[in-house]
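Everything on this sheet refers to the single structure shown next.
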Amino acid sequence: MQYGVDIPTYKRKENKKSKKKTNVKNISVKIGAIIILGFMLSRVGFGFIDGLYLAPFGLGYLISVIKKSNIKESTIAFLSVALGYLSQYLINRDIIIYISIAAAILGIKYISSLTKKEVQIKNCFAIVIAMFVGLQCLLGNQDISINIFFSLVKSLIVIPVFFMINYGVNCMKEINSNYFYSTEELISLAILVCLIITGVGEFNIAGIAIRDVLALAVIITVAYAAGSNAGAVLGVTMGLIIGVGNNDIMISTTLYGICGLVVGLFTETGKIFSILAYFVVSFIVMTYSNNLNSTMIIQIAASALIMALIPKNVIKKLLSELNNDEKSKVISDAQIEGIKSEFVDRLEVLRGSLVAISSSVENLSGNEKLLLKNKGTALVENLADRVCQECEMNSKCWGRELHTTFSQFGELMQSCENKNAYLPKTLDKKCVKRNTLLKNAEELYSTYTVNEALKSRLMEARSILASQMSNMSFAVTNILKDFNQNVDSCLEVDKLLRKTLAKNKIRYINIYSFVDTNGRLKIKVKVDSYDGENYCRKQILPVISNLIKTPLYIGEKGCVIDPSTNECSVIIEETPKYHISSYVAFEIKDGEKYSGDSYSFGDNKSGQYVTIISDGMGSGPEAGLESGAAIDLIERFIDGGFSETTMLNTVNAVMGMKFSEDEKFTTLDMNIIDLYTGDAKFIKVGGSMSFIKHGNEVEVISNSTLPFGIVDTINVTPIKKKVKQGDIIITVSDGIVDVDRDNLGDYNWIVEYLKDGPNNPEALSREIIDKAKKISGGRVLDDMTIVVSKLYSSY
Numbered sequence: 001m002q003y004g005v006d007i008p009t010y011k012r013k014e015n016k017k018s019k020k021k022t023n024v025k026n027i028s029v030k031i032g033a034i035i036i037l038g039f040m041l042s043r044v045g046f047g048f049i050d051g052l053y054l055a056p057f058g059l060g061y062l063i064s065v066i067k068k069s070n071i072k073e074s075t076i077a078f079l080s081v082a083l084g085y086l087s088q089y090l091i092n093r094d095i096i097i098y099i100s101i102a103a104a105i106l107g108i109k110y111i112s113s114l115t116k117k118e119v120q121i122k123n124c125f126a127i128v129i130a131m132f133v134g135l136q137c138l139l140g141n142q143d144i145s146i147n148i149f150f151s152l153v154k155s156l157i158v159i160p161v162f163f164m165i166n167y168g169v170n171c172m173k174e175i176n177s178n179y180f181y182s183t184e185e186l187i188s189l190a191i192l193v194c195l196i197i198t199g200v201g202e203f204n205i206a207g208i209a210i211r212d213v214l215a216l217a218v219i220i221t222v223a224y225a226a227g228s229n230a231g232a233v234l235g236v237t238m239g240l241i242i243g244v245g246n247n248d249i250m251i252s253t254t255l256y257g258i259c260g261l262v263v264g265l266f267t268e269t270g271k272i273f274s275i276l277a278y279f280v281v282s283f284i285v286m287t288y289s290n291n292l293n294s295t296m297i298i299q300i301a302a303s304a305l306i307m308a309l310i311p312k313n314v315i316k317k318l319l320s321e322l323n324n325d326e327k328s329k330v331i332s333d334a335q336i337e338g339i340k341s342e343f344v345d346r347l348e349v350l351r352g353s354l355v356a357i358s359s360s361v362e363n364l365s366g367n368e369k370l371l372l373k374n375k376g377t378a379l380v381e382n383l384a385d386r387v388c389q390e391c392e393m394n395s396k397c398w399g400r401e402l403h404t405t406f407s408q409f410g411e412l413m414q415s416c417e418n419k420n421a422y423l424p425k426t427l428d429k430k431c432v433k434r435n436t437l438l439k440n441a442e443e444l445y446s447t448y449t450v451n452e453a454l455k456s457r458l459m460e461a462r463s464i465l466a467s468q469m470s471n472m473s474f475a476v477t478n479i480l481k482d483f484n485q486n487v488d489s490c491l492e493v494d495k496l497l498r499k500t501l502a503k504n505k506i507r508y509i510n511i512y513s514f515v516d517t518n519g520r521l522k523i524k525v526k527v528d529s530y531d532g533e534n535y536c537r538k539q540i541l542p543v544i545s546n547l548i549k550t551p552l553y554i555g556e557k558g559c560v561i562d563p564s565t566n567e568c569s570v571i572i573e574e575t576p577k578y579h580i581s582s583y584v585a586f587e588i589k590d591g592e593k594y595s596g597d598s599y600s601f602g603d604n605k606s607g608q609y610v611t612i613i614s615d616g617m618g619s620g621p622e623a624g625l626e627s628g629a630a631i632d633l634i635e636r637f638i639d640g641g642f643s644e645t646t647m648l649n650t651v652n653a654v655m656g657m658k659f660s661e662d663e664k665f666t667t668l669d670m671n672i673i674d675l676y677t678g679d680a681k682f683i684k685v686g687g688s689m690s691f692i693k694h695g696n697e698v699e700v701i702s703n704s705t706l707p708f709g710i711v712d713t714i715n716v717t718p719i720k721k722k723v724k725q726g727d728i729i730i731t732v733s734d735g736i737v738d739v740d741r742d743n744l745g746d747y748n749w750i751v752e753y754l755k756d757g758p759n760n761p762e763a764l765s766r767e768i769i770d771k772a773k774k775i776s777g778g779r780v781l782d783d784m785t786i787v788v789s790k791l792y793s794s795y
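Counting in the UniProt record's numbering, the sequence shown runs from 1 upward without gaps.
If you want it as structure tokens, here you go:
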């Protein structure tokens, strides 16, 4: 127990250490962000007229920080803001006023911390106004009235700047949190990004303005990731802020706004075409404004290069943050994955339970086998108790001569087993109850034989049950694999569908599209029940087919009405490329009223066409019941999406139950055709050969395997073929192939007939039956069944 206690203690310490590392990393990122924002925002300033230099962004940011941060973070923010203001000292000497006011704001934070009270924003604004008026009047070189006016303008503009920056900073905290941004929040984030880039100032390398390069790179990257709306908003905002600073607001706004809009429009074409479109529109704008020069060309090219070098995963991450539809898809996928995970865990528990039950039942069967070693001893002891218990010779025979007597009794029971009961010589000479002993030995062995037969049946049933449970666990495993395959939703297709249906004034409640595990598009439409399937077929289906440019049809379930909501749901899916027409012909064995063969053909919900012939061993109703049961099980497994291995072994286990004296076996001849691709799989378990007629050529499909119920497991490798328009697949039972008793298994007559035979499935099936009867002299020596299927292309 003590050792077990130490383990979780160690884990808790390790988790704390890991958590501490994570916290240190988060704090470092936060402090870095505070420094960068404070420095860059305080560098942004606008000088409209002499004596009126506005740089309110540093103060607004500092007030935002001290409102929600501790002393340490507030001090770091003040230092970064002061450093940013000092870097602009040469541009305007009034910067010293802003630094003084920033120091006063930090003082308010210190006082509030000492008094353990919350910072009041109104007190900060009061300090800002009072100090601006006082310092401007003290240091200003204009008239007192002008100084007061300028000071009021500088101080009052801090108020809206604070709310704008505070809003943007709060939005930045929601990054990586799956938060859905509103339009106003996205605009505030855009303004904050623009101010940070503007803070780069007039810094340049070899005449290239770094600020302009970064601005263009950010605009086209956001436009490419989030679309034309986000690109245009960011471009116009960036153009306004930078344009105000360099007194070229029209050119900046036009260039940045149009570049963001155009790159966003070309997002679907990829990076290369988006960059080409960016080059074209940039050159047009700069040529029209007479600002096209080598420096501008280098700036445009440099920004395009930055955008081209940004990795795809960064673009994808940016898209997931700025695009609410994309973020909604990510969250929905995460929720679906969570539900799937929970469902998978529960199915895994079920699978484990089935494995445990199978193991337990198998162990019980094993225990019975171990007891068989003691059966001989038990029989001898039972016989001695019956005959020798009251005998006067008991003490002599089972005392002094125990070993000899025991061996003689064993020999007696062995003779009963060989059905030639006799008393061994020694026992015959000395036993005083010879007749009674021999009679009881025969009765005891007879009873033992009956009991052992029943126990053997029970052991066999247990073994079969264990095998069934094991197969079921494998089936659940396959279900888990299929369930874990992704089914992708199509948000862009949904948008297009809704827009198209609205344009055509079509009524619907909801529409949802997805790609199934086979990669095929499916569209689920809900309408009012009074509209029903006819409305979907006549109104909705043609519009969607024309939009998708793919042949579509309403699934075989048709309209499914929910009684609780009175809504009709239909599944619209891709139309299969092929459809198949099948005909069956059969003859019952002479002297029988019922056929031992069973057959089935038709398509399923997975877009496959399945043909099955099962031949029950023998003939008559009993063979027919077994073959019919096999087909019923197989059809259910196919509809359930089980693998061939699971399907065959489960059916084999069921068919292997021998509860009657006569063992019955069943064959299987099945082919599965994918109606979308023409891929065909032939699966044969003791079945006869099949044929594919390609025009005048005939291909034989055969496989030598044992029927169901003979071996413990079935290992069959499907034979894969490709079929196309006009091909005919012929599936027959062995009653047709074995009509010539002198040449059993000879199918050459079928091949020769098919080469020049008709291409009509109905005529072909009937004529092969007639020819088989002719070969057998007009007699039907075994049940004959043939299914002929022909492929037709729909498009």
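Think of the CB as a built atom: it goes at the ideal place given N, C-alpha and C, for glycine as much as any other residue.
- Cα atoms of V787 and T611: separation of roughly 8 Å, rounded to the nearest angstrom.
- When secondary structure is reduced to three states using DSSP, L292 falls in the coil class, being assigned neither helix nor strand.
- Per DSSP, N70 lies in no beta strand (DSSP E) segment and is marked neither H nor E.
- In this structure, the straight-line span from the alpha carbon of I210 to that of K503 is close to 47 Å.
- Under DSSP, Q608 takes part in a beta bridge, and its partners are D674.
- D674 counts as buried, since no fewer than 16 other beta carbons sit within 10 angstroms of its beta carbon.
- Of the residues K499, K524, T500, K505, the one whose Cα lies closest to the Cα of I511 is K524.
- In this structure, P576 sits away from G624, with a CB-CB distance that is not shorter than 7 Å.
- Looking at the DSSP output, Y792 sits in a beta bridge with H579.
- Bounds of the alpha helix (DSSP H) holding C259 are 249-265.
- CA-to-CA, the gap between G399 and C391 works out to about 13 Å.
- The three-state secondary structure of L305, taken from DSSP, is helix.
- S598 sits close to I631, with the two beta carbons spaced by under 7 Å.
- The beta carbon of V450 sits closer than 6 Å to no other beta carbon from its chain once the five residues preceding and following it are set aside.
- Partner residues in a beta bridge of N534, as assigned by DSSP, do not exist.
- In this structure, T221 is the residue among I298, T221, V244 with its C-alpha nearest to the C-alpha of I275.
- The beta carbons of I191 and T237 sit closer together than 7 Å.
- Per DSSP, reduced to three states, the secondary structure at V193 is helical.
- In the DSSP annotation of this structure, D428 is not part of any beta strand (DSSP E); the continuous alpha helix (DSSP H) holding it starts and ends at 425-430.
- Counted as a single uninterrupted DSSP element, the alpha helix (DSSP H) harbouring V158 occupies residues 158-172.
- Sorting S513, H694, P718, A680 by C-alpha distance to the C-alpha of G687 places P718 at the top.
- Here DSSP, grouped into helix, strand and coil, assigns A421 to coil.
- DSSP, reduced to helix, strand and coil, places N504 outside both helices and strands of the structure shown, so it counts as coil.
- Per the C-alpha coordinates, the member of M393, Q136, G47 positioned closest to K430 is M393.
- Spanning the alpha carbons of H579 and R520 requires a straight line of approximately 17 Å.
- For Y753, the enclosing alpha helix (DSSP H) has its first and last residue at 748-756.
- Secondary structure in the region 702-738: the alpha helix (DSSP H) runs of 4 residues or longer, each lying completely within the stretch, are 734-737 in chain order.
- Bounds of the alpha helix (DSSP H) holding D770 are 761-775.
- Taking E73 as the centre and dropping the five residues before and after it, the same chain places the C-beta of K30, I31, I34, V65 closer than 8 Å to its C-beta, in chain order.
- With a contact defined as Cβ atoms closer than 8 Å, L791 and V698 miss out at about 16 Å.
- The region 154-168 and the region 115-132 touch, with three or more beta-carbon pairs separated by less than 8 Å.
- Sequence-distant partners of Q539 (beyond 5 residues in either direction) whose C-beta falls short of 7 Å from its own C-beta, in its chain, are I506.
- With contacts defined by Cβ atoms closer than 7 Å, E567 and K526 form a contacting pair.
- Within the region 75-109, no run of alpha helix (DSSP H) at least 4 residues long lies entirely inside it.
- Exclusion of the five residues before and after Y508 leaves L501, V525, K526, V527, I540 as the residues of its chain whose Cβ lies within less than 8 Å of its Cβ.
- Beyond the five residues adjoining it in sequence on each side, G84 comes within less than 8 Å, by CB distance, of G38, F39, M40, L41, S42, R43, G58, G199 in the same chain, given in chain order.
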